[in-house]
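Visitor: The sequence shown: position 86 = 109 (our numbering), numbered continuously.
Idealized CB from N, CA, C, for every residue including glycine.
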Amino acid sequence: VGIIDHGRLVAEGTPEALKRAVGEDVIVAEVDGDPGLARGAVTAIDGIDTVEVHGGELTISVHDGAAALSPVAVALAGCGVGVRSLTMRTPTLDDVFLSLTGGHLEAGEAPPVEVGA
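(1) Can you name the start and end residues of the beta strand (DSSP E) that Thr113 belongs to?
(2) Is Glu75 close to chain C? Criterion is C-beta to C-beta, closer than 8 Å.
(3) Looking at the unbroken beta strand (DSSP E) that takes in Gly25, where does it start and where does it end?
(4) Using the beta-carbon count (16 or more within 10 Å), is Leu32 buried or exposed?
(5) Could you say if the segment 54–63 and the segment 35–46 meet the contact criterion of at least three C-beta pairs nearer than 8 Å?
(6) Just reading off the alpha helix (DSSP H) that Glu15 is part of, what are its end residues?
(7) Which term fits Gly30, buried or exposed, when burial requires 16 or more other beta carbons within 10 angstroms of its beta carbon?
(8) Report the CB separation of Ala96 from Leu109 in whole angstroms; it is logged as a contact under 8 Å.
(9) Check whether the segment 65–82 and the segment 113–121 touch, using three or more Cβ-Cβ pairs below 8 Å as the test.
(10) Should Ala140 go down as buried or exposed, given a rule of 16 or more other Cβ atoms within 10 Å for buried?
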């Protein structure tokens, strides 16, 4: 896959490699209970990079979201907070495009599409 910005090739690689280069996986946990307590429990997990609290929601940045999902669920259950939802988001090709081009689309431009090699 190639990413082109204003006629210039700015990145090229497999979709997986481009996505890894852009950023980390994000786990979002909606909790019932003390979000500060939940944050402390999740921060103690190996591999967790950052944990942000927004109301009753934790946004957890991690290199390998699939591997961290179960430990996050166990930590939240262990600290006594209820979990309403637990979801994981990995970078998309749209994220790659927006990151590499300064985060904008010109009027009338379509977002990038993946083309098979």
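Guide: Per the coordinate set shown:
(1) Thr113 -> no beta strand (DSSP E), and no H or E assigned at all.
(2) The structure shown has no chain C; it contains just one protein chain.
(3) The continuous beta strand (DSSP E) containing Gly25 extends over residues Gly25 to Asp28.
(4) exposed
(5) no
(6) A question about residue 15 goes unanswered here, because the residues of the chain that appear run from 24 up to 140.
(7) In summary, Gly30 is exposed, with fewer than 16 beta-carbon neighbours lying within 10 Å of its beta-carbon over all protein chains present.
(8) 6 Å
(9) no
(10) The predicted model places Ala140 with a pLDDT of 48, which falls under 50 and marks its position as unreliable; any figure quoted below should be read in that light. Classification of Ala140: exposed, given that the 10 Å Cβ count is below 16.
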